[in-house]
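A.B. asks: First the structure, which I've put down as structure tokens, then a few questions once you've had a look.
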Amino acid sequence: MSISAALSNALSGLGAAGRRAEVVSSNIANAATPGYAPRVAELTSASIDGAGAGVRVARVRRDADALLVADRRLADAAAGAAATGAEALVRVERAAGAPDDASSLVGRLAAFEAALVSAAANPASEARLADVGDAAAAVAASFGATSDAIQAERARADAAIAADVETLNGALARVSELNGLIRRSAGGSRDVNTLIDQRQQAIDAVAAIVPIRSVERSDGRIALFTQGGLVLVDSAAREVGFTPATTMAPAMTLAGGALSGLSVDGRPAPPSALAGGRIGAALILRDETLPAMAATLDRVAADLLGRLEAADATLPPGAAGLLTDAGAALDPAATTGLAGRLTLNAAVDPAAGGALWRLRDGIGAPAPGLSGNAAGLLALADGLAAGAGIGDGAAGFVSSVARARIAAEDEAGFAAGRQAALQAIEAQGGVDTDAELAELLRIEQAYAANARVISAVDELLRQLTGLGR
Amino acid sequence: MTGARFGDLALALQTRRDLSALKTDAARLTGELASGRRADPARAASGDLGPLSSLARSLTLIEAHAGVVAEAAQTAAAMQSVLERVQGIGAALAPALLAAGSAGGVGFAAAAGTQARAALDDALGALNTRAGGRSVMAGAATDGAAVSDGATLLAAASAAAAGQTTAAGVVQAVNDWFDDPAGFAALGYLGAATGTAFPVAPGRTVTLDVTAADPAVSGVLKGLVSAALLAEGALPGDAVGQGELALAAGTALISADAGLAGLRGRVGTAEARIEAGATTIAAERTALGIRRAEMLAADDFDTATALQQVEQRLELLFTVTARLSRLNLSDFL
Numbered sequence: 001m002s003i004s005a006a007l008s009n010a011l012s013g014l015g016a017a018g019r020r021a022e023v024v025s026s027n028i029a030n031a032a033t034p035g036y037a038p039r040v041a042e043l044t045s046a047s048i049d050g051a052g053a054g055v056r057v058a059r060v061r062r063d064a065d066a067l068l069v070a071d072r073r074l075a076d077a078a079a080g081a082a083a084t085g086a087e088a089l090v091r092v093e094r095a096a097g098a099p100d101d102a103s104s105l106v107g108r109l110a111a112f113e114a115a116l117v118s119a120a121a122n123p124a125s126e127a128r129l130a131d132v133g134d135a136a137a138a139v140a141a142s143f144g145a146t147s148d149a150i151q152a153e154r155a156r157a158d159a160a161i162a163a164d165v166e167t168l169n170g171a172l173a174r175v176s177e178l179n180g181l182i183r184r185s186a187g188g189s190r191d192v193n194t195l196i197d198q199r200q201q202a203i204d205a206v207a208a209i210v211p212i213r214s215v216e217r218s219d220g221r222i223a224l225f226t227q228g229g230l231v232l233v234d235s236a237a238r239e240v241g242f243t244p245a246t247t248m249a250p251a252m253t254l255a256g257g258a259l260s261g262l263s264v265d266g267r268p269a270p271p272s273a274l275a276g277g278r279i280g281a282a283l284i285l286r287d288e289t290l291p292a293m294a295a296t297l298d299r300v301a302a303d304l305l306g307r308l309e310a311a312d313a314t315l316p317p318g319a320a321g322l323l324t325d326a327g328a329a330l331d332p333a334a335t336t337g338l339a340g341r342l343t344l345n346a347a348v349d350p351a352a353g354g355a356l357w358r359l360r361d362g363i364g365a366p367a368p369g370l371s372g373n374a375a376g377l378l379a380l381a382d383g384l385a386a387g388a389g390i391g392d393g394a395a396g397f398v399s400s401v402a403r404a405r406i407a408a409e410d411e412a413g414f415a416a417g418r419q420a421a422l423q424a425i426e427a428q429g430g431v432d433t434d435a436e437l438a439e440l441l442r443i444e445q446a447y448a449a450n451a452r453v454i455s456a457v458d459e460l461l462r463q464l465t466g467l468g469r
Numbered sequence: 001m002t003g004a005r006f007g008d009l010a011l012a013l014q015t016r017r018d019l020s021a022l023k024t025d026a027a028r029l030t031g032e033l034a035s036g037r038r039a040d041p042a043r044a045a046s047g048d049l050g051p052l053s054s055l056a057r058s059l060t061l062i063e064a065h066a067g068v069v070a071e072a073a074q075t076a077a078a079m080q081s082v083l084e085r086v087q088g089i090g091a092a093l094a095p096a097l098l099a100a101g102s103a104g105g106v107g108f109a110a111a112a113g114t115q116a117r118a119a120l121d122d123a124l125g126a127l128n129t130r131a132g133g134r135s136v137m138a139g140a141a142t143d144g145a146a147v148s149d150g151a152t153l154l155a156a157a158s159a160a161a162a163g164q165t166t167a168a169g170v171v172q173a174v175n176d177w178f179d180d181p182a183g184f185a186a187l188g189y190l191g192a193a194t195g196t197a198f199p200v201a202p203g204r205t206v207t208l209d210v211t212a213a214d215p216a217v218s219g220v221l222k223g224l225v226s227a228a229l230l231a232e233g234a235l236p237g238d239a240v241g242q243g244e245l246a247l248a249a250g251t252a253l254i255s256a257d258a259g260l261a262g263l264r265g266r267v268g269t270a271e272a273r274i275e276a277g278a279t280t281i282a283a284e285r286t287a288l289g290i291r292r293a294e295m296l297a298a299d300d301f302d303t304a305t306a307l308q309q310v311e312q313r314l315e316l317l318f319t320v321t322a323r324l325s326r327l328n329l330s331d332f333l
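Protein chains in written order, with the working numbering: chain A, 1 to 469; chain B, 1 to 333.
In structure tokens:
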């Protein structure tokens with residue numbers, strides 16, 4: 001029987017070679033597929049009743065480095081988080097403008113001071129008084145635009161959280177579903193590697209949003225935890241809840257209840273539960289970083305209003321100065337959102353029924369005074385420049401935004417660098433077509449050798465049967 | 001197999017990343033080279049925009065102050081020229097009055113009076129000069145005339161001097177009317193008591209408070225009005241008295257000259273302060289410009305060198321990428 005054993009050995013070699021060629025072709029076909037880990041056909045010698053019976057492919061292994069993937073996922077989350085902060089702060093900084101730009105917040109304030117100085121040189125000139133009014137209105141508009149930009153970023157962060165939560169829930173459900181498929185298939189002989197690839201992609205989608213740790217169960221399922229220890233997927237997927245706000249205003253806060261926090265399976269979750277990724281970063285932006293910036297801007301606006309009110313001697317107590325809080329005087333106890341409410345006093349705005357001479361003679365002046373009296377205009381200019389000066393306050397705000405932006409950008413650069421390094425290492429472990437082709441050469445050789453054995457056995461059998469002739 | 005593998009995507013990923021980094025650098029450097037301005041001044045200043053902000057503010061303000069200085073200089077010069085004209089009018093008329101007074105004839109005095117009447121109108125016209133849209137001798141009331149016209153002045157002075165029968169009495173009555181707060185100050189001078197202030201530099205104002213109501217100016221007007229009363233028929237029929245009046249008016253004009261010179265000196269002092277402001281502004285403007293360049297300007301040489309480096313690295317990367325993409329086993333099998 002040894003000749004037929006030789007034949008079956010050679011046949012098993014041909015089969016194994018075919019199977020290996022299949023694996024190689026699959027690898028080459030998927031060379032550019034994201035999330036695809038190269039397959040390796042593992043050979044083992046087959047035996048029947050302890051006797052050798054050729055070769056067989058024991059299993060097709062998915063050749064991926066789980067630890068590396070876990071690290072790369074954490075880097076994905078960190079990079080996503082850092083990029084979220086940096087992008088938002090860049091936009092806020094752009095709204096406030098570069099200080100050397102005439103249309104920036106600082107530039108507008110300087111132009112306002114310059115307009116006061118120019119008008120003081122010729123207070124009789126209606127054109128110069130109109131310039132002062134226009135410059136003051138431009139300052140108000142600049143504060144408004146910066147305040148709006150901050151609130152727009154808060155709204156954007158809120159919307160981004162909602163979108164991410166939706167993606168997250170979809171990905172978690174998909175992981176859970178694939179978990180079930182893999183568990184059912186693992187017992188049989190079916191190839192679950194494709195399912196694992198798909199699950200890998202779904203987990204990567206989660207990892208970009210929330211930093212996760214995964215634990216592989218013995219039955220092939222994967223459990224996902226956040227770094228805060230919250231279970232996202234185990235026997236079933238959890239449902240993360242978030243209600244996006246329809247509008248955004250400075251007074252709307254998480255603590256005040258106007259903005260939504262996160263919930264898991266309907267129960268409120270602390271913001272720390274999903275911290276570290278894009279959702280966590282967006283929450284920090286919406287509830288901490290941006291409101292702090294808005295508060296700084298409001299303080300500068302309150303300082304400006306206070307200075308203008310103090311510098312106008314004609315104002316009765318409690319009356320609004322040149323710039324107003326939506327028409328009213330400064331209320332030091334209600335400065336939240338003040339920067340967005342600055343308006344030019346209607347008493348000096350001819351378009352609103354006011355008169356330009358009030359810029360010269362004071363808002364509270366009963367009648368036009370001497371046309372050459374610059375005292376009021378000089379008092380306003382001095383009031384703005386007194387002490388540290390309103391320009392310094394605005395510069396402080398712009399600097400705080402710039403510092404936050406630079407820090408966020410540096411962090412984003414660092415996180416992106418780490419992510420890139422890990423992605424590169426992961427990609428190195430991906431499909432190498434040259435290596436696959438080299439493997440294909442070996443398969444060809446093995447196939448040729450086995451085919452040679454079959455032809456030799458055939459020759460032997462032929463000779464055996466030829467004896468009878 | 002893991003150790004022997006180098007995934008195809010790794011190289012593509014690396015190339016793409018290097019390429020985008022180099023292109024970002026090239027775009028930033030090209031922008032800096034084209035604009036001559038640093039791409040990110042905030043980063044260059046480590047996020048502290050205070051110095052840059054205060055610099056930008058100073059530059060904006062210095063331009064405004066430069067405009068103010070020019071305007072103040074123009075106003076002071078106009079003031080100076082008004083005073084010069086008034087001084088000239090007084091100085092030109094005084095000899096004629098003195099001559100008429102010494103000649104002692106009725107006709108001479110009347111002729112000198114007519115001359116004085118015209119000179120008064122000239123002087124008042126000069127005091128009502130407007131420069132750059134403002135009435136320069138009217139103090140803070142820059143939108144109106146500084147003094148009323150000659151007829152009004154003479155009518156009031158005539159009324160004040162009515163009943164006087166001696167030259168000394170007429171002169172005294174005219175002087176009293178000028179010095180009376182209800183006299184010239186109320187009826188003749190139409191401007192404001194306060195002057196105009198010019199913020200010539202941050203925290204520094206120059207006040208031009210010389211007005212037509214200044215005693216030195218009214219000193220000249222006193223002489224002119226006294227003499228012009230001759231043309232209005234003061235001291236009728238008293239040829240000697242009229243001669244004395246002409247003489248007294250001429251003397252008053254001569255003595256007023258010194259006061260006017262002093263007043264011009266005051267305006268000159270203000271002009272000097274304005275000029276000092278202009279010099280400060282010019283110097284500061286240059287200094288600020290230099291500091292601004294230090295803070296914002298990108299060094300063209302550095303930028304060009306860096307750009308050249310980036311260009312070379314890009315070319316190398318393209319070459320290597322092209323070579324590597326030709327290197328694969330399938331081409332050799």
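Glycine included, each C-beta is placed from N, C-alpha and C at the ideal position.
Let me know if Q309(B) comes out buried or exposed under the rule of 16 or more other beta-carbons within 10 Å of its beta-carbon.
C.D. replies: Taking the first residue of the second sequence as 1, we reach residue 309(B) at position 309. Under this definition Q309(B) is an exposed residue.
A.B. asks: Whose Cβ in chain A lies nearer than 8 Å to the Cβ of P199(B)?
C.D. replies: Along the second sequence, read from residue 1 onward, the residue named residue 199(B) stands at position 199. What P199(B) touches in chain A: V117, A120, A121, A374, L378 and A381.
A.B. asks: Alpha carbons only, please: which of V210(A), A186(A), I182(A) and I209(A) is nearest the one belonging to Q198(A)?
C.D. replies: Here residue 198(A) is taken as the residue at index 198 of the first sequence, counted from 1. That would be I182(A), whose Cα lies nearest to the Cα of Q198(A).
A.B. asks: Is DSSP giving A258(A) helix, strand or coil here?
C.D. replies: On the first sequence, position 258 is the one that residue 258(A) refers to. It is coil, neither helix nor strand.
A.B. asks: R57(B) lies in the beta strand (DSSP E); which residues open and close that run?
C.D. replies: The residue you call residue 57(B) lines up with position 57 of the second sequence. Run containing R57(B): none in the beta strand (DSSP E); it sits in the alpha helix (DSSP H), G50 to A103.
A.B. asks: If you run the structure through DSSP and keep just helix, strand and coil, what is Y36(A)?
C.D. replies: Numbered from 1 along the first sequence, position 36 holds the residue referred to as residue 36(A). DSSP places Y36(A) in the coil class of the three-state scheme, outside both helix and strand.
A.B. asks: Using 8 Å as the threshold, is the C-beta distance between R134(B) and N345(A) below it?
C.D. replies: Taking the first residue of the second sequence as position 1, residue 134(B) is located at position 134. Taking the first residue of the first sequence as position 1, residue 345(A) is located at position 345. The answer is no: Cβ separation not under 8 Å.
A.B. asks: Taking the alpha-carbon positions, what's the E232(B) to G113(B) distance?
C.D. replies: Locating residue 232(B) in the second sequence gives position 232, counting from the first residue. Locating residue 113(B) in the second sequence gives position 113, counting from the first residue. One C-alpha to the other measures close to 8 Å.
A.B. asks: Mark N328(B) as exposed unless 16 or more other C-beta atoms lie within 10 angstroms of its C-beta, in which case mark it buried.
C.D. replies: Along the second sequence, one-based indexing puts residue 328(B) at 328. Label assigned to N328(B): exposed.
A.B. asks: For P215(B), name the three-state secondary structure that DSSP assigns.
C.D. replies: As a first step, residue 215(B) must be located in the second sequence, where it is residue number 215. In the structure shown, P215(B) sits in a helix (DSSP, three-state: H, G or I).
A.B. asks: Looking at chain B, which residues of the region 345-376 of chain A have a Cβ within less than 8 Å of any of its Cβ atoms?
C.D. replies: L370, S371, G372, N373, A374 and A375
A.B. asks: Can you look up T243(A) in the DSSP assignment and give me helix, strand or coil?
C.D. replies: Numbered from its first residue, the first sequence carries residue 243(A) at position 243. Three-state result, T243(A): coil.
A.B. asks: So what does DSSP say about A298(B), is it helix, strand or coil?
C.D. replies: The residue you call residue 298(B) lines up with position 298 of the second sequence. Three-state result, A298(B): coil.
A.B. asks: Going residue by residue through the region 219-245 of chain B, where are the continuous alpha helix (DSSP H) segments of at least 4 residues, counting only ones entirely within it?
C.D. replies: Counting only runs of 4+ residues, no alpha helix (DSSP H) is found wholly inside the region 219-245 of chain B.
A.B. asks: Decide yes or no for the touch test of the region 320-339 of chain A against the region 242-252 of chain A: beta carbon pairs closer than 8 Å, at least 3 of them.
C.D. replies: Under the Cβ criterion (8 Å, minimum of three pairs), the region 320-339 of chain A counts as touching the region 242-252 of chain A.
A.B. asks: Show which residues of chain A have a CB atom less than 7 Å away from the CB atom of Q14(B).
C.D. replies: For this step, residue 14(B) is matched to residue 14 along the second sequence. Residues of chain A passing the Cβ test: A424.
A.B. asks: Just how far apart, CA to CA, sit A92(B) and E309(A)?
C.D. replies: Here the question's residue 92(B) lines up with position 92 in the second sequence. Here the question's residue 309(A) lines up with position 309 in the first sequence. For A92(B) and E309(A), the distance between alpha carbons rounds to 55 Å.
A.B. asks: To which residues of the same chain is D303(A) closer than 7 Å at the C-beta, ignoring the five residues directly before and after it?
C.D. replies: Along the first sequence, one-based indexing puts residue 303(A) at 303. Taken in chain order, the residues that qualify are I390 and G393.
A.B. asks: Could you check the C-alpha separation between R5(B) and Y36(A) for me, to the nearest Å?
C.D. replies: As a position in the second sequence, residue 5(B) is number 5, starting the count at 1. As a position in the first sequence, residue 36(A) is number 36, starting the count at 1. Answer to the nearest angstrom: the Cα atoms are 15 Å apart.
A.B. asks: Let me know if E113(A) comes out buried or exposed under the rule of 16 or more other beta-carbons within 10 Å of its beta-carbon.
C.D. replies: By 1-based counting over the first sequence, the position of residue 113(A) is 113. Buried, because 16 or more other Cβ atoms sit within 10 Å of the Cβ of E113(A).
A.B. asks: Does G277(A) pass the burial test, meaning 16 or more other C-beta atoms within 10 Å, or should it be called exposed?
C.D. replies: Counting from 1 along the first sequence, the entry for residue 277(A) is found at position 277. G277(A) comes out buried.
A.B. asks: Just confirm the distance between the C-beta atoms of G101(B) and L247(B), as a whole number of angstroms; I'd bet it's less than 8 Å.
C.D. replies: As a working mapping, residue 101(B) is identified with position 101 in the second sequence. As a working mapping, residue 247(B) is identified with position 247 in the second sequence. Right, their Cβ atoms sit about 3 Å apart.
A.B. asks: Would you kindly work out how many angstroms separate the C-alpha atoms of T2(B) and T33(A), rounded to a whole number?
C.D. replies: Within the second sequence, the letter at position 2 stands for residue 2(B). Within the first sequence, the letter at position 33 stands for residue 33(A). The pLDDT assigned to T2(B) is 45, lower than 50, so where the model puts this residue is not dependable; a value taken from the coordinates is nonetheless given after this. Using only the alpha carbons, I get a separation of about 18 Å.
A.B. asks: Hey, does T146(A) have any beta-carbon neighbour from chain B nearer than 8 Å?
C.D. replies: For the purposes of this step, residue 146(A) is taken as residue 146 along the first sequence, with counting starting at 1. Not one chain B Cβ lies under 8 Å of T146(A).
A.B. asks: I'd like the list of long-range same chain contacts for A460(A), defined as Cβ closer than 8 Å, with 5 residues on each side in sequence excluded.
C.D. replies: Sequence index remark: in the first sequence, residue 460(A) carries index 460 (1-based). The displayed chain sequence assigns Leu, not Ala, to residue 460(A). Excluding positions up to five away in sequence, the list reads I3.
A.B. asks: So which residues of chain A does L333(B) contact, with C-beta pairs closer than 7 Å?
C.D. replies: For the purposes of this step, residue 333(B) is taken as the residue at position 333 of the second sequence. By Cβ distance, chain A contributes L437.
A.B. asks: For chain A, check one thing: does any of its Cβ atoms lie closer than 8 Å to the Cβ of L9(B)?
C.D. replies: Locating residue 9(B) in the second sequence gives position 9, where the first residue counts as 1. Taking Cβ atoms only, chain A reaches closer than 8 Å to L9(B), which makes this a yes.
A.B. asks: Can you tell me which of N450(A), L370(A), V457(A) and A130(A) puts its alpha carbon nearest to the alpha carbon of G195(B)?
C.D. replies: Here the question's residue 195(B) lines up with position 195 in the second sequence. It is L370(A) whose Cα lies nearest to the Cα of G195(B).
A.B. asks: Taking the C-alpha atoms as reference points, what is the distance between G7(B) and A427(A)?
C.D. replies: Here residue 7(B) refers to the residue found at position 7 when the second sequence is read from its first residue. Here residue 427(A) refers to the residue found at position 427 when the first sequence is read from its first residue. Each residue's Cα considered, the two are about 6 Å apart.
A.B. asks: So does the region 82-101 of chain A actually touch the region 40-49 of chain A, counting three or more Cβ pairs closer than 8 Å?
C.D. replies: no
A.B. asks: Helix, strand or coil: which one does DSSP assign to V192(A)?
C.D. replies: Locating residue 192(A) in the first sequence gives position 192, where the first residue counts as 1. Reduced to three states, the DSSP call for V192(A) is coil.
A.B. asks: Does the region 221-230 of chain B come within contact of the region 119-127 of chain B, defined as at least 3 CB pairs closer than 8 Å?
C.D. replies: As far as the Cβ criterion goes, the region 221-230 of chain B touches the region 119-127 of chain B, which means the pair count is three or higher.
A.B. asks: For A453(A), does the three-state DSSP call read helix, strand or coil?
C.D. replies: As a working mapping, residue 453(A) is identified with position 453 in the first sequence. Correcting the residue type first, residue 453(A) is Val in the shown sequence and not Ala. Helix at V453(A).
A.B. asks: Measuring CB to CB, does G372(A) end up less than 8 Å from G265(B)?
C.D. replies: Here residue 372(A) corresponds to residue number 372 of the first sequence, with the count starting at 1. Here residue 265(B) corresponds to residue number 265 of the second sequence, with the count starting at 1. Contact: no.
A.B. asks: Listing by chain order, which chain B residues have their CB less than 9 Å from the CB of R19(A)?
C.D. replies: By 1-based counting over the first sequence, the position of residue 19(A) is 19. Within 9 Å Cβ-Cβ: nothing; R19(A) doesn't reach chain B, min ~16 Å.
A.B. asks: With a cut-off of 8 Å, does the C-beta of P271(A) fall near any C-beta of chain B?
C.D. replies: Numbered from its first residue, the first sequence carries residue 271(A) at position 271. False, the Cβ-Cβ gap to chain B never drops below 8 Å.
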